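Asks: In the working numbering, the protein residues as written are 26 to 175. The beta carbon of each residue, even a glycine, is placed where N, CA and C say it ideally should be. This one's a predicted model, so the numbers in the text were calculated from it and none came from an experiment. Dumping the structure here so I can ask a few things about it.
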Ligand code: SF4
């Protein structure tokens with residue numbers, strides 16, 4: 026884990042999860058696993074969120090919600106697919122209305138496999154996303170700097 030200067034906020038979306046991975050996401054935020062010790066808190070507002078946590082495979086119904094949430098998040102942002110369903114669609118990928126994993130709709134930065142994904146893996150995935158977010162901030166800042174100096 027690198028050192029990140031900000032305290033990113035996370036937004037959690039259940040695309041079609043069985044709730045197994047969702048419970049583990051909540052567990053990772055509780056005092057037992059304590060993701061908040063890194064300054065990370067859960068928000069319900071995509072406009073305040075830096076990292077999107079997606080659980081469950083994506084289907085025809087949830088794809089629009091997922092896309093809208095992602096588009097409402099400020100740039101730069103990062104996406105973490107949590108659980109094998111969000112990573113690839115898992116056993117549901119052949120179902121008639123299932124598109125597959127979250128990356129069929131939004132760009133995924135970190136994949137956290139598992140069924141369900143363990144809180145330790147989720148924390149590891151979110152911290153990796155923090156590093157990626159930091160890199161994106163630096164890239165964005167340098168791009169702006171170049172734009173203003175040309
Ligand atoms: S990976 Fe397992 S626990 Fe998580 S949503 Fe899919 S079936 Fe449920």
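Enumerate, from N- to C-terminal direction, the unbroken alpha helix (DSSP H) stretches of 4 or more residues contained entirely within the region 54-105.
Replies: List check, alpha helix (DSSP H) in window: 87-97.
Asks: Which of the three DSSP states, helix, strand or coil, is assigned to residue 39?
Replies: Residue mapping note: residue 39 aligns to position 14 of the chain shown, counting from 1. In the structure shown, residue 39 sits in a strand (DSSP, three-state: E or B).
Asks: Skipping 5 residues on each side, what residues in its chain have a beta carbon closer than 6 Å to that of residue 97?
Replies: On the chain shown, residue 97 is found 72 positions in, with the first residue counted as 1. Excluding positions up to five away in sequence, the list reads 71, 72.
Asks: Between residue 150 and the ligand SF4, is there a pair consisting of the residue's CB and a ligand heavy atom that are separated by less than 7 Å?
Replies: Residue mapping note: residue 150 aligns to position 125 of the chain shown, counting from 1. No.
Asks: Where do the N-terminal and C-terminal ends of the alpha helix (DSSP H) with residue 113 fall, by residue?
Replies: Looking up residue 113 in the chain shown gives position 88. Note, residue 113: alpha helix (DSSP H), 109-113.
Asks: Is the separation between the beta-carbon of residue 77 and that of residue 95 shorter than 8 Å?
Replies: The residue given as residue 77 occupies position 52 in the chain shown. The residue given as residue 95 occupies position 70 in the chain shown. Cβ atoms of residue 77 and residue 95: closer than 8 Å.
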